[in-house]
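**Q**
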Amino acid sequence: MSIALIGGPVILAVVAGSVFAAEGRDHRGPRQNQAAAAQPVAAATPDPKCTLLVPDNPLTAGGLATPYRLVASDPAQGPCREANPDQSAFVEAAILTPNGKLSVYNPLVTDKGTRPAARTARPSVPRGSTVGIWFGFNSADLTLRTSGRADSLAQGKCVNGLPGSVFGQFAYCNAPAFFRAANTQIARGHLRIPALGRARDGLPCPTTRDFSVVDQDGSDNVVTHYLADAHGRIAQNNAASRAALRKGTRLANHGDRHHRHNGKAGSATHGGPKDLANGSDNLLLTQFMDPALGCKPFTAPDQSSDGHATSALALDELSAAADQKTPIALVPQNDPMTLVDGRTSVAKTNAYRAGVDMPAVGAGADGDGAAFCATLFRDPAGIQRVFKDKTLFEKAPSPDPAMAPNLFGFLASRANQTFTNLGCDRLLGAADPVILTTNANGLVTDAVLTALSRTPTPAGTSPSASPSTPSADTDTSPAAAKATSPTSASGSPSPKAQQPHGDHRYGS
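Residue numbers for the sequence shown follow the working numbering, beginning at 1 and rising by one.
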């Protein structure tokens, strides 16, 4: 899901059943001059469906340093602008050398027809290295497409979903090979995953596969940040780029912990560059929950950001695979991003899992939506932990102050929406157990967790159709989780019209 760094986590639910072919036709609109094309567009309803043109040889140093180009999937629906935080797409790569050294690199995304605001840093990719690439998106559906004559999608072994049904805000290239290489290095003792440690509540520090962390669509989106200038041109987040955009100007959102979790752009200081971020479960965990719990995430040097240590989706999944204890939250079949035309799909669920180092759907309750919902809302390891740690989270900053004044309110609102968006109400035959209290301004000021009263549907008997599939006009972001009436309690607030600026990564 997504979060708004200091502005509000926005978690867009993937619209089930979206149909986009990865090798779609090249839609070319009217030619524009570069300055005009680079301008951010303040459309009332930005097009939620965009396409990324993948450069040739995407797994090489040259391919990583070549900007991806953002275009509209259907130009008739309006343009897609990378500087528009409601449409921003993000790319995150992990590089594993033959001797087990890990680093992160964030390839740049720019509008098609524009140049980067600053030269991209060229990464070091030693011979024999394995590269994996992951994508995040601040709107509904992101499609990958080859950028030239060469089939860059085949070169990168890219997966966008199933034919005719994209995941939504997520995609990857060469991820299974990356994780195989990493697991081999771990087995040989060349790559070591840091121990999780103990949280302030006495329990193991959580991972992205912890039921106290996951929401409707876990393990999605990335931790990448970009810079945008006043003309909508984009640059990597490093010292050289900042100097090129505006010398001597410091970012208002300087520092990882102050980046917006929902992907909204942070305001610039005195006309300086803006920070564009992709809100995600990963960002929520490593930059909000971990600090509140006294935990530290697995990090590696970021070659696109002056070598600063950073977390990343790949690192989070390696950590989760190594140390997460049962119950383990694997992507379920009722995850909105794994649905096909609103119905569950083992094939699409397995395709998604392969990109985040999870095993294919197995026997019994593995992947069963009812079992997932029951653990999430009944087990002490699930949402109960959030309420147990209420005092800790109330002292922590909210990823989205426009939704809740602190981290606890944000997490409670996220859980409230997750219950509905996963269809847990129908799968469990119970009402939403997370009751929110909001003030006159619609902020979530408190919440209580009530007991689920009925027994969940047995494994394997979940309805094939998603019981509560968000429509294309529904915002499943945490921002949409506000109670319908101020100063009231609500078990399941009605979502507002979709604002495709958060990914439903933050958790909703």
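Positions of the beta carbon are idealized from the N, C-alpha and C atoms, including for glycine.
Is I186 helix, strand or coil when you go by DSSP?
**A** I186 falls in the helix class under three-state DSSP.
**Q** So what's A175 in DSSP terms, helix, strand or just coil?
**A** Of the three classes helix, strand and coil, the one that applies to A175 here is helix, per DSSP.
**Q** Please state if the CB of V434 and the CB of F419 are separated by a distance shorter than 8 angstroms.
**A** Yes; because the gap between Cβ atoms is below 8 angstroms, this pair is in contact.
**Q** With K395 as the anchor, note down where its beta strand (DSSP E) starts and where it stops.
**A** No beta strand (DSSP E) contains K395, which DSSP labels as neither H nor E.
**Q** Less than 7 angstroms between C-beta atoms, sequence neighbours within five positions excluded: which residues of the same chain meet that for A329?
**A** Same-chain partners within the cutoff: R209, D210, F211, V214, G218.
**Q** Round the Cβ separation of K101 and Q77 to the nearest angstrom and send it over; I've been treating them as touching at under 8 angstroms.
**A** Not a contact, Cβ separation roughly 44 angstroms.
**Q** So S103 is in the beta strand (DSSP E); what residue range does that whole segment cover?
**A** Unbroken beta strand (DSSP E) run through S103: 102-105.
**Q** What are the boundary residues of the beta strand (DSSP E) that includes E92?
**A** E92 -> beta strand (DSSP E) spans 89-96.
**Q** When the Cα atoms are used, what is the spatial distance from S468 to D379?
**A** Reliability fails at S468, whose pLDDT of 40 lies under 50, so the model's placement of it is uncertain and the value that follows must be treated cautiously. Whole-angstrom Cα-Cα distance: 22 angstroms.
**Q** Which partner residues does R145 have in the DSSP bridge list?
**A** In DSSP, R145 forms a bridge with L53.
**Q** Tell whether a beta-carbon distance below 8 angstroms holds between N416 and D432.
**A** Yes; because the gap between Cβ atoms is below 8 angstroms, this pair is in contact.
**Q** Starting from Q303, follow the beta strand (DSSP E) in both directions and report where the run begins and ends.
**A** Taken as a continuous stretch (DSSP letters only), Q303 belongs to no beta strand (DSSP E), as it is neither H nor E.
**Q** What is the residue span of the beta strand (DSSP E) that I133 lies within?
**A** It spans 130-137 - the beta strand (DSSP E) in which I133 sits, taken as one unbroken run.
**Q** Go ahead and pull the three-state DSSP assignment for G168.
**A** G168 falls in the coil class under three-state DSSP.
**Q** So, using beta-carbon positions, are T110 and R69 closer together than 8 angstroms?
**A** In contact: T110 and R69 (Cβ atoms closer than 8 angstroms).
**Q** Leaving out five residues before and five after P327 in sequence, what residues of the same chain have Cβ atoms less than 7 angstroms from its Cβ?
**A** For P327, where only same-chain residues beyond five positions count, the Cβ hits under 7 angstroms are F211, T375, D379, A381.
**Q** Between C295 and the rest of its own chain, which residues show a CB-CB distance below 8 angstroms, the 5 nearest in sequence each way excluded?
**A** Only L196, G197, A199, C205, P206, M289 meet the Cβ criterion.
**Q** Check whether the Cβ atoms of A61 and R127 sit closer than 8 angstroms, and answer yes or no.
**A** The answer is no: Cβ separation not under 8 angstroms.
**Q** Round the Cβ separation of D66 and P55 to the nearest angstrom and send it over; I've been treating them as touching at under 8 angstroms.
**A** For the sequence presented, residue 66 should be read as Thr rather than Asp. About 4 angstroms; that satisfies the 8 angstroms criterion.
**Q** With distance defined between alpha-carbon atoms, name the residue in F393, T97, V159 nearest to A347.
**A** Of the candidates F393, T97, V159, the one whose C-alpha sits nearest the C-alpha of A347 is V159.
**Q** Ignoring anything shorter than 3 residues, give me the beta strand (DSSP E) runs that lie fully in the segment 427-456, in order along the chain.
**A** 434-438, 444-449, all fully within the segment 427-456.
**Q** Leaving out five residues on either side along the sequence, give the residues of the same chain with a beta carbon under 6 angstroms from the beta carbon of G29.
**A** Here G29 scores only 32 on pLDDT, less than 50, and its place in the model is too uncertain to base an answer on.
**Q** How many Å lie between A182 and D357 at the Cα?
**A** Computed Cα separation, rounded: 10 angstroms.
**Q** I think S152 touches V222, with their Cβ atoms under 8 angstroms apart; what is that distance to the nearest whole Å?
**A** With 8 angstroms as the limit, S152 and V222 do not qualify as a contact, their Cβ atoms being about 19 angstroms apart.
**Q** Output the distance between the C-alpha atoms of H258 and L284, rounded to the nearest integer angstrom.
**A** Its pLDDT being 44, under 50, H258 is placed unreliably in this model, and the coordinates cannot settle the point.
**Q** The alpha helix (DSSP H) with R579 in it runs from where to where?
**A** In the structure as shown, the chain starts at 1 and stops at 508, and residue 579 therefore has no counterpart that could be examined.
**Q** Please identify the residue among D220, S129, S319, D341 whose C-alpha is closest to the C-alpha of R353.
**A** The option with the nearest alpha carbon to R353 is D220.
**Q** Ends of the alpha helix (DSSP H) at L411?
**A** Looking at the DSSP string, the run of the alpha helix (DSSP H) that includes L411 is 407-421.
**Q** Find out if the Cβ-Cβ distance for the pair N421, Q216 is shorter than 8 angstroms.
**A** Yes, these two residues count as a Cβ contact at 8 angstroms.
**Q** Which word fits G369, buried or exposed, when buried means at least 16 other C-beta atoms lie within 10 angstroms of its C-beta?
**A** Counting Cβ neighbours within 10 Å, G369 comes out buried, since at least 16 surround it.
**Q** Does P204 come out as helix, strand or coil in the three-state DSSP assignment?
**A** P204: strand per DSSP, three-state reduction.
**Q** Under the rule that 16 or more other beta-carbon atoms within 10 Å means buried, what is S345, buried or exposed?
**A** Its Cβ being crowded by 16 or more others within 10 Å, S345 is buried.
**Q** What separation, rounded to the nearest whole angstrom, lies between the Cα atoms of A412 and L436?
**A** Answer to the nearest angstrom: the Cα atoms are 7 angstroms apart.
**Q** Under the rule that 16 or more other beta-carbon atoms within 10 Å means buried, what is P163, buried or exposed?
**A** It is exposed - the Cβ of P163 has fewer than 16 other Cβ atoms within 10 Å.
**Q** Do you know how far the Cα of A292 is from the Cα of G189?
**A** Distance between the alpha carbons of G189 and A292 is about 32 angstroms.
**Q** Which one of S129, F137, A447 has the shortest CA to CA distance from Q384?
**A** Comparing Cα-Cα distances from Q384 to each of S129, F137, A447, the minimum goes to A447.
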